[in-house]
Structure formats: C-alpha cells, structure tokens
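Protein sequence lines correspond, in order, to chains C and B.
The numbering of the first sequence is our numbering, which starts it at 1 and goes up by one.
The numbering of the second sequence is our numbering, which starts it at 1 and goes up by one.
All C-beta atoms in this analysis are idealised placements derived from N, C-alpha and C, irrespective of residue type, glycine included.
All of these numbers come straight from a predicted model, not from anything done at the bench.
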Amino acid sequence: MLTINRHTFKHGIHPPENKDETNGLPIRQFSFAPLIILPVAQHIGKPSKIIIREGQEVVRGQKLAESDGFLSVPLHSPASGIIRKIANVPTLSGKMTTGIYLEPFPSSTQEILEGDPIDLETATPEEILLGIQEAGIVGLGGAAFPTHAKLKIPEGKHCETLIINGIECEPYLTTDHRVMLEQPDDIFMGIRYLMKATGAKQTIIGIEANKQDAAEFLASKLTGKEPISVQVVPVKYPQGAEKMLITALMGKEVPSGGLPIDVHAVVVNVATTAEIGRLLPHGRGIQERVITITGPGVKKKGNYLIPIGTPLRYVLEQVGVDESISEVYMGGPMMGVAVGNLDISIVKGTSGIVVFNQKQVHRSAQVYPCIKCGACVDACPLSLNPSKLGILAKFESYDKMAEEYNLMDCFECGSCSFVCPSHIPLVQYFRLSKSIVRKRKSKNV
Amino acid sequence: MFKQTLHISTSPHLVKGTSVEIIMRNVVWAMLPAAAFSVYVFGWNAALVLITSTLSCVLTEHVLCRLSKKRSTVSDWSAIITGLLLGLTLPPTFPLWMTFLGGVIAISVGKFLFGGLGYNVFNPALVGRAVLQGAFPVAITTWYDGFAADRFTTINSSLFAAPFMKPMVDGVSGATPLSAFKFDGVVTDTADLAFGFVSGSAGETSAILILLGGVYLALRNFMNWRIPVSILATVFILSGIFYWIDPSKYPSPLFMLFSGGLMLGAVFMATDMVASPITKWGVILYGAIIGTLIVVIRIWGGLPEGVMYAILLGNAISPHIDRLIRYRVYGTSLKSS
Ligand code: SF4
Ligand code: SF4
Numbered sequence: 001m002l003t004i005n006r007h008t009f010k011h012g013i014h015p016p017e018n019k020d021e022t023n024g025l026p027i028r029q030f031s032f033a034p035l036i037i038l039p040v041a042q043h044i045g046k047p048s049k050i051i052i053r054e055g056q057e058v059v060r061g062q063k064l065a066e067s068d069g070f071l072s073v074p075l076h077s078p079a080s081g082i083i084r085k086i087a088n089v090p091t092l093s094g095k096m097t098t099g100i101y102l103e104p105f106p107s108s109t110q111e112i113l114e115g116d117p118i119d120l121e122t123a124t125p126e127e128i129l130l131g132i133q134e135a136g137i138v139g140l141g142g143a144a145f146p147t148h149a150k151l152k153i154p155e156g157k158h159c160e161t162l163i164i165n166g167i168e169c170e171p172y173l174t175t176d177h178r179v180m181l182e183q184p185d186d187i188f189m190g191i192r193y194l195m196k197a198t199g200a201k202q203t204i205i206g207i208e209a210n211k212q213d214a215a216e217f218l219a220s221k222l223t224g225k226e227p228i229s230v231q232v233v234p235v236k237y238p239q240g241a242e243k244m245l246i247t248a249l250m251g252k253e254v255p256s257g258g259l260p261i262d263v264h265a266v267v268v269n270v271a272t273t274a275e276i277g278r279l280l281p282h283g284r285g286i287q288e289r290v291i292t293i294t295g296p297g298v299k300k301k302g303n304y305l306i307p308i309g310t311p312l313r314y315v316l317e318q319v320g321v322d323e324s325i326s327e328v329y330m331g332g333p334m335m336g337v338a339v340g341n342l343d344i345s346i347v348k349g350t351s352g353i354v355v356f357n358q359k360q361v362h363r364s365a366q367v368y369p370c371i372k373c374g375a376c377v378d379a380c381p382l383s384l385n386p387s388k389l390g391i392l393a394k395f396e397s398y399d400k401m402a403e404e405y406n407l408m409d410c411f412e413c414g415s416c417s418f419v420c421p422s423h424i425p426l427v428q429y430f431r432l433s434k435s436i437v438r439k440r441k442s443k444n445v
Numbered sequence: 001m002f003k004q005t006l007h008i009s010t011s012p013h014l015v016k017g018t019s020v021e022i023i024m025r026n027v028v029w030a031m032l033p034a035a036a037f038s039v040y041v042f043g044w045n046a047a048l049v050l051i052t053s054t055l056s057c058v059l060t061e062h063v064l065c066r067l068s069k070k071r072s073t074v075s076d077w078s079a080i081i082t083g084l085l086l087g088l089t090l091p092p093t094f095p096l097w098m099t100f101l102g103g104v105i106a107i108s109v110g111k112f113l114f115g116g117l118g119y120n121v122f123n124p125a126l127v128g129r130a131v132l133q134g135a136f137p138v139a140i141t142t143w144y145d146g147f148a149a150d151r152f153t154t155i156n157s158s159l160f161a162a163p164f165m166k167p168m169v170d171g172v173s174g175a176t177p178l179s180a181f182k183f184d185g186v187v188t189d190t191a192d193l194a195f196g197f198v199s200g201s202a203g204e205t206s207a208i209l210i211l212l213g214g215v216y217l218a219l220r221n222f223m224n225w226r227i228p229v230s231i232l233a234t235v236f237i238l239s240g241i242f243y244w245i246d247p248s249k250y251p252s253p254l255f256m257l258f259s260g261g262l263m264l265g266a267v268f269m270a271t272d273m274v275a276s277p278i279t280k281w282g283v284i285l286y287g288a289i290i291g292t293l294i295v296v297i298r299i300w301g302g303l304p305e306g307v308m309y310a311i312l313l314g315n316a317i318s319p320h321i322d323r324l325i326r327y328r329v330y331g332t333s334l335k336s337s
C-alpha cells in the first residue's frame, strides 16, 4: 500500500537538493584499485581483530578480521589477492589506525566465497542477528553503527514497527534512491529477515516525496500478503534522522535521551536492508557498497558500486575531477566530513563523495555576533535554542547547556548553522560542548 | 592532479547565503521611502537632521571600534539603521548639534556599552532619543508644519543653534495631532495621518510608506512580521474598546494606529532582532505588551507619545520573555518546557 503523508516533524530546512544529476544514473561497478587499504576501525565500537598475516593469499569474501566483542563486526576481503602489509593507515577523522594492505590478483575471476547461509524459515532471531554481525554489516546511511547491535531489542521492550529509511535527505546523495530502484528483491528479503529478528508486526518503508518513482516502484512489488507499506513523506531536511522519520510516519516523538525502541520502533537504512537481504541467504560478508560521487568538481558523476577499502585518490582519478578541487566531503554536505587527506579509503559508512572546486565559494568567512534573529530556533528539528546554546558555549557554561537547554539531544544535523546569517559555527560549538560534557560525566562516575 | 591543499571545515558544508550585512542593508532600503517622504514634507531641514544623525552614528561606531582596537564594524550597516531611525524620530528642526549628540549617545551608550551589535539590550536609536528627550524637552517637542512654501529654499535657523544655548524657537506652529488631541481635544483626519500630511517628527508622518517598508522586509524574511502585527492589533483592539465605551473621551482606534510614532516604532524599532524575543509566541506576547503600554501611556500618562517608552520597556523584558516562553523540546513532556 502506498500512502502519501503530509504530516511531518516541526521546523527543519530546505537546502538545495542537487540530486538531479545523479538520480537517473544506474549503479555501475567500479574496478579494483591496484592496492586496497582496509582500516580495521570502520564502525562505531571496537575495531575488528586481524586474523591473517602479511604475505598470506586471501580469497574474495574471506574474513580478514573478526569481531572483537558484541559491539564490533568482522571485516571481509573485498578481493582475492595477497596481503602486502599490515600497517598504520590514516582515517577520515585524522587519527591513524591499523590497516590491511591488499593487492588484488588482476587475473582472478573474483568469485565470492560462500559461508554458512542463514535460512529465513528456520533461523531463530538470535541466529539472524549473529548472521548480520558475521556479515560485517553496519549502518550504511553513514552512521556505521553495527546493525545487529541496533536490532537487539533490550530486555523488557518490544518492537511493533520496523521502519525502513529510504529518505536520503542529504543534498546531492542518490545512493538509497538507486538502491530502491535497482535492488527491490534484496530489500524485501532484508525486510523479512529484519522482521523476524526484531519481532516487528508491521513494516513501513519511508520515502521522501522527491523519490516518488522509487516509492511507486516498491509499492508495485508489494503482494499484500505481508504487513509492509510504503509511505511518502514531505521533502524536508533532516527528515532522514530516525527521530524525525518516526514522527512523520507514526506521529510519535521519541523521548528525549531515548531510542526508537521506546516507541516500539526500529529504524534501518534501506541500503543496509538490501545488503542483509543479499548477503544472509549466502552467508557472505559485505565487500562493496553503493556510493554517489558527485558535486561540481566531478567529471563522471554517478552511483558506483565500490569495493570497501578502495583508496579515495584512486576513486577520484577514475571519475575525473577538476584541476582546482578545493573541498571533498565524505557523506553529504550537511553532515558529512571534510577530507583533509586523499590517502584515506572508502569505508563501510561512506555513503557519498561530494567534490567542490574553487569556483563555488559558498561560504562567507565573516562571523558576526548572534543578532538573535531566531532563524536557528525555527530551523532546529528538535526545537532547541541554538542561539542560546551558542552564547552559553562561548561562556563555557557547558553544564547549563546540558541541563537547561537539552544540549545532549542535539544530533548535529547542521540546520542551525545552515540558516545563521551571522555564520556562527554553531554545530562545531555543540560537538565540542557535547564531548566536554560527556568527558565530565564519565569522570564523575 | 590534486596539487591544491584541501579546504577543511566542519559540517554543514552548505549555507543558506544570508548574512547580517544583507539583512541590515535591506532594512536601510526599507526605511528610505519614509525618509525621502519626510524630506519632501519638511524640506532641507529634515534632510540635514537625517544626514547628521546617520553620520554621527557611523562615525561614533568607527571611532569606538578603533579606540577599542577592533576591526571597524561600520560595514555591517547596523549603525546606519540606528542613525536613520534616530533621525526619523526627531523634529525636523531639531538643532543639529543635539542631533549629533543623540547619535553619539545611541551608539556609545545604547550599543557599545552593552558589548556592540548582538549584545544591546535596548534599541540603540531609542536610547539616544530617550536621552535627548530628557535633556532637551523643549526642543524635542518643538514641531514645525510640513509643506511650508519655503522648505526647499530656506533652512530653519534653529537647526544651527549653537551648543548649550537655548535654541531659538522659531515660530512654533503645528502641534502634533497627538498633543492636539491630548491637550486640546482636536481630532485630525485619519486619511491625512495615514498619508503623512500632518506635522510630527521627521519619520512619524507617513504611516503608509513605513508600512510598505515593513511589508517588503516581512516578505523577504528580514523582519519578524509578528511583532508589528501584534503591536498594531493590540493597540487597535484596546483603543477600540475604550472608543466604544466613550467616543467623546477617547480617540478612535484608527487615529491611534496612524498617529505619532506608532508605525515607525512598530515596524522599525520594536523589530530590532537583538532586543526582541526569539520565539514566535514570545514576540507575540512582546508585541501585546508594547501595544498595551502604548495605549495606557497615551490615554492616562502625562505624555502624548508613549511609543518610545513602551518599546524600551518591551526591550527590557524581552530576555525574561525568552526565559519564560520556549519551544517544547522534541521528546520532552510539556511540563518541563
Ligand atoms: S541564526 Fe545565528 S544570528 Fe540568528 S539567532 Fe541563531 S545564532 Fe543568532
Ligand atoms: S545541529 Fe543540533 S541544535 Fe542545530 S539544528 Fe540540528 S539538532 Fe538543532
């Protein structure tokens, strides 16, 4: 069933979408780089533990590192090849981490190693969760939180509704859009696994109105025998944030400091769902992902299926970028991270690469004091007061920010900074303030 | 390939493209029709007052920035707004040295003392005007009739009164409509008020042009329209009630709306973003309080013109309104908001 929903969360913004250049381009397979570099910390939680040694030959799909505890996932080889070395590699955050240098065999057929399949009919919820963990799956929307950990329903809670997040509210990105158009069977298979794992009684696939074609396409695949529906919601940033999506689809608010499960819901990104549906029946691990490469600085814009670990420099060389690139972002331009070092690799959480060249001066350097125009207050999807929070941050009143002005609820969506006429780096202040508050708290415990 | 150093910044990497400067500049544009009309009505006198007040504000801002070893903030246009606003509240024959002093006070006391743009508690122009009102009560209530035949040929001598001399009161004629009503019970035709064919301070005359400027700003989202709407609606309704009770004793609501500095105050002064509340409901309450104060001061107070004090009071309570009225934070229950 396809429903058009006009209700959504309060406030929010409308940044230019810039999706038209890539949303019509089918997903294309990327070639193997001559050297693939896989950092072991690609997800939130403990890094994977390496189980191969230098010089060893590995097969595509083989486990290179295993999960280290519950909040951790294994890492699979994206190609058949030889392990050249194990050494420190740079990451997006600027920190170094251990990485595996893999040289793919150029002549190999690159057949994928199969593992133990997870049978949808006979597997228990626990077995499905374990299967998802073993497949190395993390949130592909950008968060990179281990999916099995998110799906684990806490003691005493239960899940009614499974929400599949096909919103993709970040400007420029069309990854999820293409996945929905090209991998419907994988998505529905994934949903079946997810419903069984969580015990959800119904599933809602939430899609923003700018992807009407995807919504209609998925709705046309519904048999009516399963409790799955497709809902189209208004285009507004940050509609793809879990809390905002739940409010739009279910009319409920997730309590401050709580999780979706507190309103009996679990939200999973649509590309993650497709990956589950594709990998689990074969017991395989994740080795590649769909990434939108776009922005004014890119020559061959498109949606590409890229092996995990492909060096960013290689990716940019293949698609061709302007001489004068000045900014590269991993993820979308609203919440993505600016790249300072092109020697980093594509990781599981990379949903897009956006490249700007020098001509797009889209930022004014001049920062003014807050003029209390209220634009940020009317933009914040959580109805926080970024103006007040920003002033308090300047005075380093971090505790007051957290206790009286709900700082810790802020999920750094960037809406406030986007609208601020004084160009105050509000999100940057909040990120810093949050980490300070968190540190203080952990010290006090 | 890739020789450039990459520019690193924190998210978001997109911005809407507005800036303080753009907002302020547009406020100046929006005030110009009213300013031009006051020059048309009062001749060179009004022009000299407006130019002096603006220059004084800009100069003061520049000098103070330099003295405190900061980059000059003149380019953000906010000092020009203060200057124009101050000029528009003064009588068109106000001695220029007093006008200049008003500008200096507006910027130094009204703005810099509080920490500059963004930190001022009161609208700086009103601070300047309030000090002038206290210091020169006679000069500031000395009105001059508009449309004098010689308004573009001669300049009123009181403009050039030497500092600290009692200004020569040069043929004080037209009482303002409000004082005429208040003290003599004379009612001015509302159409004359709306179009500005009455005497008053430079910018108090054409309510229509002021409203036009306000509509422009509201449409371009450079002004919170709820503030003037709330003030005007409150004044209209409250004075309407009194008029309904006793039309012979109280002025009509239309007269109230279009007389005095109400339009100028509601559209350009009470809307000072820094000195007004930040939430939708907050500004509506703020406007209602200012509107009520205006009616109360005008009807019962000793002053015919209550707009200035009403807005200053509104400015003073606006931080408290912000503390009181907040949006309910997502995912919290109503009681904790
Ligand atoms: S948008 Fe910027 S200037 Fe406006 S109130 Fe918020 S922080 Fe202040
Ligand atoms: S970054 Fe935080 S404060 Fe700013 S709009 Fe988003 S949630 Fe609100």
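Any chain B beta carbon closer than 9 Å to residue i
i	result
Q212(C)	no
Y314(C)	no
V254(C)	yes
Which listed residue (the options) has its alpha carbon closest to that of residue i
i	options	result
I308(C)	H76(C), H177(C), N23(C)	H76(C)
G414(C)	A402(C), R431(C), K157(C), Y398(C)	R431(C)
I164(C)	C416(C), V377(C), T272(C), L382(C)	T272(C)
L222(C)	P184(C), E253(C), S67(C)	P184(C)
Q56(C)	K85(C), F9(C), N210(C)	K85(C)
P154(C)	P146(C), T161(C), L194(C), T198(C)	T198(C)
I278(B)	I237(B), P253(B), R326(B)	R326(B)
A35(B)	Y243(B), A270(B), L90(B), P12(B)	L90(B)
Y368(C)	A338(C), S417(C), I325(C)	S417(C)
L382(C)	V347(C), H11(C), R6(C), M1(C)	H11(C)
S56(B)	S108(B), R25(B), N45(B), I8(B)	S108(B)
Residue i, buried or exposed, once every other Cβ within 10 Å from all chains shown has been counted against 16
i	result
A79(B)	buried
E54(C)	exposed
R226(B)	buried
G171(B)	Any reading at G171(B) needs caution, since the residue's pLDDT is 41, under 50, leaving its predicted position unreliable; the model's value is listed next. Per the 10 Å Cβ criterion, exposed.
S442(C)	exposed
E168(C)	buried
N315(B)	buried
Y429(C)	buried
V296(B)	exposed
T154(B)	exposed
G251(C)	exposed
P34(C)	exposed
G69(C)	exposed
Proximal residues to residue i (C-beta, below 7 Å), its chain only, five neighbours per side dropped
i	result
A65(C)	V40, S48, K49, I50, I51, P74, L75
A130(B)	M308, L312
K95(C)	none
I276(C)	I132, I137, G190, Y193, L194
I261(C)	I153, P154, K157, C159
Chain-order list of residues whose beta-carbon lies under 8 Å from that of residue i (same chain, five-residue window excluded)
i	result
V58(C)	I52, L64, S77, S80, G81, I82, I83, L102
I436(C)	Y398
R66(B)	S72
Chain C contact for residue i (CB, 9 Å cutoff)
i	result
M269(B)	no
L6(B)	yes
S11(B)	yes
Y286(B)	no
K70(B)	no
Cut-off 6 Å between Cβ atoms - residues of its own chain near residue i, not counting five sequence neighbours on either side
i	result
R278(C)	D186
K111(B)	N120, P124
H148(C)	L129, I132, Q133
Proximity test, residue i beta-carbon vs ligand 4 heavy atom, cut-off 8 Å
i	result
L426(C)	Although ligand 4 was asked about, the structure shown includes only ligand 1 and ligand 2 as ligands.
Which full runs of the alpha helix (DSSP H) of 4+ residues lie inside the region 369 to 404 of chain C, going along the chain? 386 to 394, 398 to 404
Contact residues within the region 281 to 295 of chain C, judged by C-beta distance below 7 Å to chain A: Looking for chain A here will not work: the only protein chains present are C and B.
Secondary structure, alpha helix (DSSP H): runs of 4+ residues fully inside the region 305 to 336 of chain B: 307 to 324
With a floor of 4 residues, list each alpha helix (DSSP H) that falls wholly inside the region 172 to 258 of chain C, ordered by position along the chain. 175 to 182, 184 to 198, 212 to 220, 242 to 250
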